[in-house]
Amino acid sequence: MSHATTHSQNSQKYLAVSIRFLRAGVKLQFPIFGNRNVLLLGNGQVITQQFIQKLKDRGVTRIIVHESEVARLTVGQSHGAAESVPVDRAGQLSEEQNYHSKQLDSMIMKSQALGIQQQGTPFAKSVQSPGTNSYDDKIATKFTERHSQSVNFMQEAFSEMANDQGVDLRSLKKVGSEALNQMARDPDLYACVGLNPAPDSYPARHSTHVSMVATLIGMRMGLDKPMLDNLATGCLIHDAGMLKIDQRIFHKTERLNDIEFLEITKHPVAVFDLLKKVRSLETPVAMIAYQMHERCNGTGYPRGCHGNKIHPLAKIAAVADVFVALVSDRPHRPGLLPYKAMEKLLLDANQGKYENHVVRTLLECVSLFPIGSYVELSDKRIGKVIRTTGKTFNQPIVEVWQPYQTHLPPDVVNLTQEANIQIVRPLSPHDERLTQTKTELTIPDSVAPVALELEDHWD
């Protein structure tokens, strides 16, 4: 992981991470250690604001946590830092087919089931206005825990599919429906979690984040709840077919050759072999899973479909999938800065790959500097984008600090109301100015994951 230093002993991995990743309210599954192997907080205990403040008062800038805690602690934190955009691959079609893909191909050829039925009340009407303040800690903690549960559920579901046990679609739909309830409470916080995947647990985590980003776009486009439920479910299952692909291909650290990529193009068809009860899938859900990798200009796969031969929900899902993929670490490349991922989507939309309206809607949902991104302002302060301002997408709402002072409470600045302050550039999440001191404490080379004397009672 790029944001932490890895330590290993007795096959257990512990990571050194900045304390700015600590979130009040998170219940630990493993202990937290400090410098010199001091046990700071035991497993089963809850991180409190008082604990975080005491670390800051003592000048502690990094703590050592078990690797399994990192994803839970860094929910909503930007991870991608690369600026070099990966080169696109020319379209490759797949000849893979099964009974269900043949049925879908027939519908597509006849232009059947490729529209969206008349909508009911837009789900956006039930979404609360998030205001302009920082996130509510209690709501953020609930979001974090629910998100972790969703990823864990998807891991179990994918494991069952890999073992030829199918999947419980009702439980799967419940995951998507509960996520919509979270979005209704605070769409910006929902975006912050969805846009910033941790680099682990593929494909379960990827699918969960794609579902969140897609439903955010769909909500903004006026879809009703039943259609958003379909969109969420299609995104959650879309990469299940990757379980049938040789995992050595996915874990390859070099760019795939054409033969290897041809294997990847089989997964939109393979998903239907794994689902078992595929006949109970609504057609829009099946179309999303099948067509998510198609492109409006015909350069996608598996069938090279063009514009009106691609289901509208699949067009939304495609944009969400690409954004999440671009900002995610992959074995052959690091994740992009979120700004660079957005920039690439805009360029590709201009070239006809994606529906312009969908990409524009994503831009309005998350801003040009996507929520969760770190930025430098024209007055030399640094910030984190926390809320969007809609059509003024280059002027989001930002938490700001002086450089090296992220341990202090931030100011919240609405850039639409500050004519003399602009964002001048995106920042890597590893930028030195985001640390709490210019020289951070030295972390020992080895960490003993054993119970030690408590230095203090900090719980």
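Residue 440 in the numbering used here sits at position 428 of the sequence shown, and the numbers go up by one each step. Backbone N, C-alpha and C define an ideal beta-carbon position, used for all residues, glycine too.
Proximity of residue i and residue j at Cβ, strictly below 9 Å
| i | j | result |
| --- | --- | --- |
| L293 | G178 | no |
| P382 | P350 | yes |
| K352 | A94 | yes |
| G132 | P199 | no |
| K180 | A196 | The residue asked about is misnamed: residue 180 is Asp in this sequence, not Lys. The answer is no: Cβ separation not under 9 Å. |
| R399 | V412 | no |
| V281 | S106 | yes |
| Y386 | P314 | no |
| L126 | K321 | yes |
| I409 | L389 | no |
| L201 | C377 | no |
| M304 | F335 | no |
| L67 | G46 | yes |
| K236 | P134 | First, the residue type needs correcting, since residue 236 is Asp and not Lys in the sequence shown. A contact, by the Cβ cut-off of 9 Å. |
Distance between residue j and residue i (C-alpha atoms, nearest Å)
| i | j | result |
| --- | --- | --- |
| K450 | A191 | Because K450 carries a pLDDT of 44, less than 50, the predicted location of this residue cannot be relied on, and the following value inherits that uncertainty. Distance between the alpha carbons of K450 and A191: 39 Å. |
| A36 | V58 | 8 Å |
| G230 | V139 | 13 Å |
| R232 | L374 | 8 Å |
| G206 | D333 | 11 Å |
| H469 | I44 | Reliability of the predicted coordinates at H469 is poor, the pLDDT of 34 falling under 50, and no value is obtained from them. |
| Q414 | V436 | 15 Å |
| T311 | S189 | 32 Å |
| S171 | G253 | 12 Å |
| I128 | L40 | 44 Å |
| L357 | G402 | 18 Å |
| T295 | V29 | 45 Å |
| G395 | L446 | 9 Å |
| Q434 | F284 | 48 Å |
| A463 | F155 | Reliability fails at A463, whose pLDDT of 32 lies under 50, so the model's placement of it is uncertain and no value is given. |
| H318 | P215 | 27 Å |
| V365 | A329 | Residue identity differs from the one stated: residue 365 is Lys in this sequence, not Val. One C-alpha to the other measures close to 13 Å. |
| F63 | N145 | 24 Å |
| Y302 | I249 | 10 Å |
| S96 | L348 | 7 Å |
| D251 | R48 | 43 Å |
| V72 | S90 | 22 Å |
| P422 | V50 | 29 Å |
| Q363 | T60 | 49 Å |
| R331 | A136 | What sits at residue 331 in the sequence shown is Val, not Arg. Looking at the two C-alpha atoms, the distance is approximately 20 Å. |
| N110 | K278 | 11 Å |
| R74 | Q115 | 55 Å |
| I276 | G384 | 30 Å |
| I151 | V424 | 18 Å |
| L255 | Q65 | 44 Å |
With 16 other Cβ atoms within 10 Å as the buried cut-off, status of residue i
| i | result |
| --- | --- |
| L420 | exposed |
| L359 | exposed |
| T245 | buried |
| M121 | exposed |
| Q21 | Unreliable placement is indicated for Q21, whose pLDDT of 39 sits below 50; the coordinate value is still reported in the next sentence. Flag for Q21 reads exposed. |
| P343 | exposed |
| V99 | exposed |
| N208 | buried |
| E266 | exposed |
| S183 | exposed |
| E465 | Residue confidence for E465 is low, a pLDDT of 33 falling below 50, so the modelled location carries little weight and cannot support an answer. |
| A174 | exposed |
| R260 | exposed |
Nearest neighbour of residue i, chosen from the options [CA to CA]
| i | options | result |
| --- | --- | --- |
| N164 | T220, I120, L201, D200 | T220 |
| N55 | V297, M354, F42, K278 | F42 |
| R307 | V283, P280, E367 | E367 |
| T241 | Y214, L255, I300, L201 | Reading off the sequence, residue 241 comes out as Asp, not Thr. Cα-wise, what sits closest to D241 is I300. |
| A210 | G92, N269, L439 | G92 |
| A431 | Q417, D391, V187, Q130 | D391 |
| H369 | L348, G234, E272 | G234 |
| V77 | Q62, R101, L34 | L34 |
| D212 | A330, T73, M166, E108 | M166 |
| V38 | A298, E355, D176, R158 | R158 |
| K186 | H305, S162, D341 | S162 |
| V297 | E272, L325, F273 | L325 |
| N406 | P438, T418, L184 | P438 |
| I271 | D443, K25, Q104, E81 | Q104 |
| A203 | R260, M173, D236, P142 | P142 |
| Y416 | R372, H218, L53, D443 | D443 |
| T404 | S379, V397, S113, V424 | S379 |
| D69 | E81, I31, S118 | I31 |
| A361 | E108, N309, G316, D341 | N309 |
Neighbour flag for residue i against chain B, beta carbons, 9 Å
| i | result |
| --- | --- |
| G132 | Absent from the structure is chain B; it holds one protein chain and no more. |
Check your understanding: Unbroken beta strand (DSSP E) runs of length 3 or more, entirely within the stretch 408-452: which are they?
Key -> Correct list: 409-413, 423-426, 435-439.
Review point. Of all the alpha helix (DSSP H) runs that stay within the bounds of the stretch 180-239, which reach a length of 4 or more residues?
Key: Taking only runs of at least 4 residues, the alpha helix (DSSP H) segments lying wholly in the stretch 180-239 are 181-197, 199-206, 216-232.
Point to revise | Length at least 4, wholly inside the stretch 91-176: the alpha helix (DSSP H) runs in chain order | key: Qualifying alpha helix (DSSP H) stretches, in chain order: 111-121, 149-174.
Check your understanding: Fully enclosed by the stretch 286-374, which alpha helix (DSSP H) runs are 4 residues long or longer?
Key -> Listed in chain order, they are 295-303, 324-339, 350-362.
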